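Taking it in order: structure first as structure tokens, then the write-up.
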Amino acid sequence: KAGVTQTPRYLIKTRGQQVTLSCSPISGHRSVSWYQQTPGQGLQFLFEYFSETQRNKGNFPGRFSGRQFSNSRSEMNVSTLELGDSALYLCASSLDRATLYTFGSGTRLTVV
Amino acid sequence: QKEVEQNSGPLSVPEGAIASLNCTYSDRGSQSFFWYRQYSGKSPELIMSIYSNGDKEDGRFTAQLNKASQYVSLLIRDSQPSDSATYLCAGGPSLRAGGTSYGKLTFGQGTILTVHP
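Protein chains in written order, with my numbering: chain A, 82 to 193; chain B, 98 to 214.
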């Protein structure tokens, strides 16, 4: 059974650019959540999607957005990148909004 | 005040000893609690979940929850060098449908555990 797949694994972007990260959940999982992990702030909740709708959002600026498709795959987008956006972005999926997550391997974003 | 706080560590224990990891939370609305293990350069991996007061055992791991004291702990018995990792405590909402904070976990900063041979 395939796990949660995140692409790309590594990304280097320049300040001011935008980036799109992709997450394919475990087959049959309908809930996808996104987290940002940094050494200073730890793991912080970005947003959660279920049935193509954003159900919950963390305390991040509007530059961070996401969406979920009918096949439950999700993307998150960060516009106007800042140096502080450098982080590991983790996607997690669960069957039905219960928070028994399985995390993907993450996308390591570096903003230079 | 952080919503979920873990004993700062790092924690170093000899092989075969009991490692004790602690976590307190401030949101009394938190009803579900989780311990994740994260190896360096890897993503978090769920090792225990606990929803009711008391102890829950799974192999060498025991999670303890005391909602009155807002305290969660993880004991690792017979610690092995392979247990060396960062352990993350997380609190979540009630698993009843309809909770507004559903789908969101609040994580502590993590405790680095080193088990030395």
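Glycine included, C-beta positions come from ideal geometry on N, C-alpha and C. Computed from a predicted structure; not experimentally measured.
Problem set entry | Span separating the alpha-carbon of A:Ser174 from that of B:Cys120 | Residue 174 of chain A sits at position 93 when you count from the first residue of the first sequence. Residue 120 of chain B sits at position 23 when you count from the first residue of the second sequence. One C-alpha to the other measures close to 24 Å.
For this session: Name, please, each residue of chain A whose Cβ falls closer than 9 Å to the Cβ of B:Leu143.
Result: For the purposes of this step, residue 143 of chain B is taken as the residue at position 46 of the second sequence. Per Cβ cutoff of 9 Å: Leu181, Tyr182, Thr183, Phe184.
Problem set entry | Chain-ordered chain A contacts of B:Phe158 [CB-CB under 7 Å] | For the purposes of this step, residue 158 of chain B is identified with residue 61 of the second sequence, where counting begins at 1. Under the 7 Å cutoff, chain A gives no residues; its nearest Cβ is about 16 Å from B:Phe158.
Exercise. For the stretch 160 to 175 of chain A, which residues have a CB atom closer than 7 Å to at least one CB atom of chain B, in sequence order?
Worked result: Leu171
For this session: Evaluate contact between the stretch 166 to 178 of chain B and the stretch 151 to 158 of chain B, counting only Cβ atoms and requiring at least three cross-stretch pairs below 8 Å.
Result: yes
Exercise. What did DSSP end up calling A:Ser155 once you bin it into helix, strand or coil?
Worked result: On the first sequence, position 74 is the one that residue 155 of chain A refers to. Here A:Ser155 sits in strand by DSSP.
For this session: With DSSP collapsed to three states, give me the class of A:Asp166.
Result: Here residue 166 of chain A refers to the residue found at position 85 of the first sequence. It is helical.
Exercise. Could you give the distance in angstroms between the alpha-carbon of B:Tyr148 and the alpha-carbon of A:Pro106?
Worked result: The count along the second sequence starts at 1 and reaches residue 148 of chain B at position 51. The count along the first sequence starts at 1 and reaches residue 106 of chain A at position 25. So the alpha carbons of these two residues sit roughly 25 Å apart.
Problem set entry | Residue closest to B:Cys186, alpha-carbon to alpha-carbon, out of B:Thr203, B:Glu154, B:Asp124 | Translated into positions along the second sequence, residue 186 of chain B becomes position 89. Closest by alpha carbon: B:Thr203.
For this session: Reducing DSSP to helix, strand and coil, say where A:Ser108 ends up.
Result: Taking the first sequence and counting its residues from 1, one reaches residue 108 of chain A at position 27. DSSP places A:Ser108 in coil when its eight states are reduced to three.
For this session: Give the residues from the stretch 103 to 136 of chain B that approach chain A closer than 7 Å (Cβ to any Cβ), ordered along the chain.
Result: Ser129
For this session: Could you spell out where the beta strand (DSSP E) holding A:Val193 opens and where it closes?
Result: Numbered from 1 along the first sequence, position 112 holds the residue referred to as residue 193 of chain A. Where A:Val193 is concerned, there is no enclosing beta strand (DSSP E), given that its DSSP letter is neither H nor E.
Exercise. Quick one: what's got a C-beta closer than 7 Å to A:Ser151's C-beta in the same chain, skipping five residues either side?
Worked result: By one-based count along the first sequence, residue 151 of chain A stands at place 70. So the list reads Glu133, once near-sequence residues are dropped.
Exercise. For B:Gly156, which three-state DSSP category applies?
Worked result: Indexing the second sequence from 1 puts residue 156 of chain B at position 59. Correct three-state label for B:Gly156: coil.
Exercise. Taking DSSP as the reference, what is the three-state secondary structure of B:Ser52?
Worked result: Because chain B here runs from 98 to 214, residue 52 of chain B falls outside it and cannot be looked at.
Exercise. Going along chain B in order, which residues have a C-beta closer than 8 Å to the C-beta of A:Glu133?
Worked result: Within the first sequence, numbered from 1, the residue matching residue 133 of chain A stands at position 52. Under the 8 Å cutoff, chain B gives no residues; its nearest Cβ is about 14 Å from A:Glu133.
For this session: Locate the beta strand (DSSP E) running through A:Ile93, then write down its first and last residues.
Result: As a working note, residue 93 of chain A is residue 12 in the first sequence. It spans 91 to 94 - the beta strand (DSSP E) in which A:Ile93 sits, taken as one unbroken run.
For this session: Indicate whether at least one CB of chain B lies closer than 8 Å to the CB of A:Gly194.
Result: Here chain A has residues from 82 to 193 only, and residue 194 of chain A is not among them.
Problem set entry | Any chain E beta carbon closer than 8 Å to B:Leu210 | The chain inventory of the structure shown lacks chain E, comprising the protein chains A and B.
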